[in-house]
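Read in order, the letters of the sequence shown are residues 0 to 137 in numbering that gives the first Met the number 0.
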Amino acid sequence: MKEIIIKSLDEISEAAQQFINMIGERKVFVFYGHMGAGKTTFIRAICEAMGVTDVINSPTFAIVNEYNTNSGKQIFHFDFYRINKIEEAYDFGYEDYFYSGQLCFVEWPEKVEQLIPEDAVEVHISEQEDGSRKVCVG
């Protein structure tokens, strides 16, 4: 497991670039962390570093946001926090996104564990005592 430490928001762009350098051919990344740990903030920084110029925010009510990079690639950003039944994920066609070959960043994957592809990469974000964030990828 690889670690990225984010000491402050001033360092988040650099941390996002470190994360991007780890992506390789992998497509689905599942982000774990308590409410307020910084999942959405880190995903926003990653998307910005990848050239997304759309407004990047949590898809809490929409469940999925689609972003386009300036190189023409798509990124799908999920937030399953408000999912109450697994059928809700089926209703919007989650598999079309997860198996699209495009990058997928998933917040609150524990709500839909059985739907997450086996090769998804776990990303754990935790707040440290000093207020910094530790991002564990792997």
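Built from N, CA and C at the ideal position, the CB exists for glycine as well.
- [ ] Give me the Cα-Cα distance between Met21 and Ile85, rounded to the nearest whole angstrom.
- [x] What you label residue 21 is simply residue 22 of the sequence shown in a count that begins at 1. What you label residue 85 is simply residue 86 of the sequence shown in a count that begins at 1. Roughly 30 Å separates the two Cα atoms.
Task: Beta-carbon proximity of Val27 to Val136, cut-off 8 Å - done: Within the sequence shown, residue 27 is the residue found at index 28, counting from 1. Within the sequence shown, residue 136 is the residue found at index 137, counting from 1. With a cutoff of 8 Å on beta-carbon distance, Val27 and Val136 are scored as not near each other.
Task: Assigned exposure category for Phe91 - 16 Cβ within 10 Å defines buried - done: As a first step, residue 91 must be located in the sequence shown, where it is residue number 92. Counting Cβ neighbours within 10 Å, Phe91 comes out exposed, since fewer than 16 surround it.
TODO: Please list, in chain order, all residues of the same chain as Val134 whose beta carbon is under 6 Å from its beta carbon, the five residues on each side excluded.
DONE: For this step, residue 134 is matched to residue 135 along the sequence shown. Contacts found: Ile3 and Ile124.
TODO: Out of Ile62, Ser7, Arg132 and Glu128, point me to the one whose CA is closest to Tyr145's CA.
DONE: Only positions 0 to 137 of the chain appear in the structure, and residue 145 is not among them; the question remains open.
TODO: Within the segment 37–117, note down every full beta strand (DSSP E) run reaching 3 residues or more, in order along the chain.
DONE: 63–67, 73–78 and 102–106
Task: Distance, His76 Cα to His33 Cα - done: Position 34 of the sequence shown, counting from 1, holds the residue named residue 33. Position 77 of the sequence shown, counting from 1, holds the residue named residue 76. C-alpha separation (whole angstroms): 18 Å.
Task: Helix, strand or coil at Glu140 [DSSP, three-state] - done: Any question about residue 140 goes unanswered here, given that the chain covers just 0 to 137.
Task: Start-to-end residues for the beta strand (DSSP E) that takes in Cys26 - done: The residue given as residue 26 occupies position 27 in the sequence shown. The amino acid occupying residue 26 in the given sequence is Lys; Cys does not appear at that position. No beta strand (DSSP E) holds Lys26; DSSP gives it neither H nor E.
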